[in-house]
Amino acid sequence: MKKIPPLWLWVLPAVSGVLFVALWYGVRAGSGLQSWILPTPVEIFAAAWQERARLLTAAGNTAVGALVGFLLAGTLGFATSLLLGVSRSLRAGLYPWLLVLQMTPVIVLTPIIMLWAGPGLPGIVTVTWLISFFPIVANMTQGLLSTDMNHVALFRMANASRLQEMLLLRVPSAMPYYLAGLRIAATLAPIGAIFGEYMVGNSSGGTGGLGFLVYSYNTQIKIPALFATALTSCLLGFIFVAAVSGLNRAVLHKWHDSFERNDH
Amino acid sequence: MEPAAPIVKFTSLKKRYGTGPLILDDINLAAAPGDFISLIGPSGCGKSTILKLVSGLSPGSEGGLDVLGTTPKLARDRQAFIFQDATLLPWLTAQRNVELPLRLRGMAAAARAAKAQEMLALVGLDAARDYYPRQLSGGMKMRVSIARALTLSPQLLLLDEPFGALDEMTRNRLNEELLALRERSRFTALFVTHSVSEAVFLSNRVLVMAANPGRFQAEVKVEFPYPRTPALRARPEFQAKVNQVSQLLHQVEEVVSA
Chain A
1 MKKIPPLWLW VLPAVSGVLF VALWYGVRAG SGLQSWILPT PVEIFAAAWQ ERARLLTAAG
61 NTAVGALVGF LLAGTLGFAT SLLLGVSRSL RAGLYPWLLV LQMTPVIVLT PIIMLWAGPG
121 LPGIVTVTWL ISFFPIVANM TQGLLSTDMN HVALFRMANA SRLQEMLLLR VPSAMPYYLA
181 GLRIAATLAP IGAIFGEYMV GNSSGGTGGL GFLVYSYNTQ IKIPALFATA LTSCLLGFIF
241 VAAVSGLNRA VLHKWHDSFE RNDH
Chain B
1 MEPAAPIVKF TSLKKRYGTG PLILDDINLA AAPGDFISLI GPSGCGKSTI LKLVSGLSPG
61 SEGGLDVLGT TPKLARDRQA FIFQDATLLP WLTAQRNVEL PLRLRGMAAA ARAAKAQEML
121 ALVGLDAARD YYPRQLSGGM KMRVSIARAL TLSPQLLLLD EPFGALDEMT RNRLNEELLA
181 LRERSRFTAL FVTHSVSEAV FLSNRVLVMA ANPGRFQAEV KVEFPYPRTP ALRARPEFQA
241 KVNQVSQLLH QVEEVVSA
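Chains as they are written, first to last, in our numbering: chain A, 1 to 264; chain B, 1 to 258.
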């Protein structure tokens, strides 16, 4: 593939962004839609500024739920994958149920979870965990099973124990897969938390997260503020993804081919 | 004087996978200590399978196989395998890769670091010990792989086309280095290759194999004394040996295509 010069990596998205905003204003002007149906970007930013205190507090609350759920998914996902990677029978016995869990829409499970875990942080964390768990397990398990056969032969030849094979060979070679799973989970975790809050409403002590703001602004028909909430949620998602990208880089950049430079 | 006990002894060995066709038929071979035996033959003749049998990665179906006076699996700690690609772990530096067999045996960190550095120096890579595999050339990777194989001073070295992917100059260099290491470490070697001149240069015995089922067709003894130098390749006797093996190989391959 031809390489794109670094400057263009900034210029091209900026150009498409400007075109998109121009289209936005065009539709607004051409259609005569009201601000409360299609606010302009300026109106959205104005609403964001006006509501900044509520948005920030809400984003903080959502970040806590998303982070705890994400970390739970990351650790439990890692452990579950190890179990599935170790034993063919465990894999055969459990994987279909993991799929069933994943196939059941979160929108159906959330009210049940809230019923059991209560409407506060525990319920929100559980929803977040539920939505981010499967991609991690699916990727990591795939990684543990994709170990180079020659490497396995090397370990067998050296009379390595199963534990050594797992810890010194399969786990490190599955790291790129695990991190790919974490990256998907990082995009899902804030969505899970916001959705949980949306379903809980305001009952978690009056503050609520971004999900509660969605509910609240929507019922008050504060549509520019609703757009501002979307923007804030998007930023929160970016922070999660950026953090995982940083982790990915820290773990892999020295040895993995995805960080191959062309200058040596 | 009694002849020394063979390092590897195949007795009428047959190999098939499950109920499939015969992969190897009536394999008989006694490798004496110090032998450097090359296995050469058409693709699918079971050369690599022979190495798998010796290393205990795959069992024989009929007949006997003794390695270092015991079963292949029990002999594992006294043999080492060098694969076609270097099979280095990409997340470990060159030195940590060489340390791996020692680490698997539970050797203390300081002792294995010292041993690995000694081995890397032996293959001329002391300066590259902190490099990751992706920073090394194909020839350097293979040197690390050789150093790793020799860390435990194996009595038997199994090599499965280790230099097949390298350019000819690098391959020749590594052939010479391998023989120098042999002078020092005195291992017995089973070497699978597709290159006739490589087989003749390295070995004292070249076994030509035929396919369907895989079997030994002919043996050529190569009696040039060790240590051998690059100058050997230019000598007419060397060329004559190469021609002899090439012709045998040609006959085997004609049978296949007939």
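For each residue, glycine too, the CB sits at the ideal point set by N, CA and C.
For this session: Assess, as a yes-or-no matter, whether the region 156-169 of chain B is touched by the region 115-128 of chain B under the definition of 3 or more beta carbon pairs within less than 8 Å.
Result: no
Problem set entry | Simplified DSSP assignment, three categories, for Leu-13/B | Here residue 13/B is taken as the residue at index 13 of the second sequence, counted from 1. Looking at Leu-13/B - three-state DSSP - the assignment turns out to be strand.
Exercise. Counting contacts by CB-CB distance shorter than 8 Å, is His-253/A in contact with chain B?
Worked result: Taking the first residue of the first sequence as position 1, residue 253/A is located at position 253. With 8 Å as the cut-off, His-253/A does not count as an interface residue toward chain B.
For this session: Have a look at Gly-69/A and Leu-84/A and give me their C-alpha separation to the nearest angstrom.
Result: Counting from 1 along the first sequence, the entry for residue 69/A is found at position 69. Counting from 1 along the first sequence, the entry for residue 84/A is found at position 84. If you take the alpha carbons of Gly-69/A and Leu-84/A, they lie about 21 Å apart.
Exercise. Are the region 249-259 of chain A and the region 28-38 of chain B touching by the rule of at least three beta carbon pairs closer than 8 Å?
Worked result: no
Exercise. Counting pairs of Cβ atoms below 8 Å between the region 30-46 of chain A and the region 136-154 of chain A, do you hit three or more?
Worked result: no
Problem set entry | Proximity below 8 Å, CB of Gln-102/A to CB of Phe-78/A | Within the first sequence, the letter at position 102 stands for residue 102/A. Within the first sequence, the letter at position 78 stands for residue 78/A. Not closer than 8 Å, so no.
For this session: Could you have a look at Lys-73/B and say whether DSSP puts it in helix, strand or coil?
Result: The count along the second sequence starts at 1 and reaches residue 73/B at position 73. Coil, per DSSP.
Exercise. Quick one: complete alpha helix (DSSP H) runs, 4+ long, within the region 27-93 of chain B?
Worked result: 47-55
Problem set entry | For Asp-263/A, three-class secondary structure by DSSP | Your numbering for residue 263/A matches position 263 in the first sequence. Unreliable placement is indicated for Asp-263/A, whose pLDDT of 43 sits below 50; no coordinate value is reported for it.
For this session: Starting from Asn-150/A, find everything on chain B with Cβ-Cβ shorter than 9 Å and list it in chain order.
Result: Residue mapping note: residue 150/A aligns to position 150 of the first sequence, counting from 1. Per Cβ cutoff of 9 Å: Phe-83, Gln-84, Asp-85 and Thr-87.
For this session: Taking 8 Å as the cut-off, decide whether the C-beta atoms of Thr-188/B and Gly-139/B are in contact.
Result: As a position in the second sequence, residue 188/B is number 188, starting the count at 1. As a position in the second sequence, residue 139/B is number 139, starting the count at 1. Contact: no.
Exercise. Tell me which same chain residues have a C-beta within less than 7 Å of the C-beta of Tyr-25/A, skipping the five on either side of it?
Worked result: If you number the first sequence from 1, residue 25/A lands on position 25. Counting only Cβ-Cβ distances below 7 Å, and skipping sequence neighbours, we find Thr-40.
For this session: Along the beta strand (DSSP E) that carries Val-192/B, what are the first and last residues, could you check?
Result: Here the question's residue 192/B lines up with position 192 in the second sequence. Start and end: 188-192.
Exercise. Is any beta-carbon of chain B found at less than 8 Å from that of Ala-250/A?
Worked result: Reading the first sequence from its first residue, position 250 is the one you call residue 250/A. By this cut-off, Ala-250/A is not an interface position.
Exercise. Can you find a CB in chain B that lies within less than 8 Å of the CB of Gln-220/A?
Worked result: Against the first sequence, residue 220/A aligns to sequence position 220. Chain B, which has no Cβ nearer than 8 Å to the Cβ of Gln-220/A, makes this no.
Exercise. Do three or more CB pairs link the region 159-172 of chain A to the region 53-61 of chain A at distances below 8 Å?
Worked result: no
Problem set entry | chain B residues whose Cβ lies nearer than 7 Å to that of Arg-156/A | Here residue 156/A corresponds to residue number 156 of the first sequence, with the count starting at 1. Leu-57, listed in chain order.
For this session: Check whether the region 207-215 of chain B touches the region 37-54 of chain B, taking contact to mean three or more Cβ pairs, one atom from each stretch, closer than 8 Å.
Result: yes
Problem set entry | Enclosing alpha helix (DSSP H) for Met-119/B [first to last residue] | Taking the second sequence and counting its residues from 1, the one referred to as residue 119/B is at position 119. From DSSP, the alpha helix (DSSP H) with Met-119/B extends over 109-122.
For this session: Give the single residue among Leu-188/A, Val-171/A, Ile-191/A and Arg-54/A whose Cα lies nearest to the Cα of Thr-80/A.
Result: Counting from one through the first sequence, the residue named residue 80/A turns up at place 80. It is Val-171/A whose Cα lies nearest to the Cα of Thr-80/A.
Exercise. Met-199/A lies in the alpha helix (DSSP H); which residues open and close that run?
Worked result: By 1-based counting over the first sequence, the position of residue 199/A is 199. Here the alpha helix (DSSP H) through Met-199/A covers 171-200.
Exercise. What are the start and end residues of each continuous beta strand (DSSP E) run of 3 or more residues lying completely inside the region 158-226 of chain B, in chain order?
Worked result: 188-192, 205-210 and 215-221
For this session: Pick out whichever of Pro-190/A, Gln-34/A and Trp-97/A has its Cα sitting closest to the Cα of Cys-234/A.
Result: Walking along the first sequence from the start, residue 234/A turns up at place 234. Comparing Cα-Cα distances from Cys-234/A to each of Pro-190/A, Gln-34/A and Trp-97/A, the minimum goes to Pro-190/A.
For this session: Give me the Cα-Cα distance between Gly-205/A and Leu-213/A, rounded to the nearest whole angstrom.
Result: Within the first sequence, the letter at position 205 stands for residue 205/A. Within the first sequence, the letter at position 213 stands for residue 213/A. Because Gly-205/A carries a pLDDT of 48, less than 50, the predicted location of this residue cannot be relied on, and the following value inherits that uncertainty. Straight-line Cα distance between these residues: approximately 14 Å.
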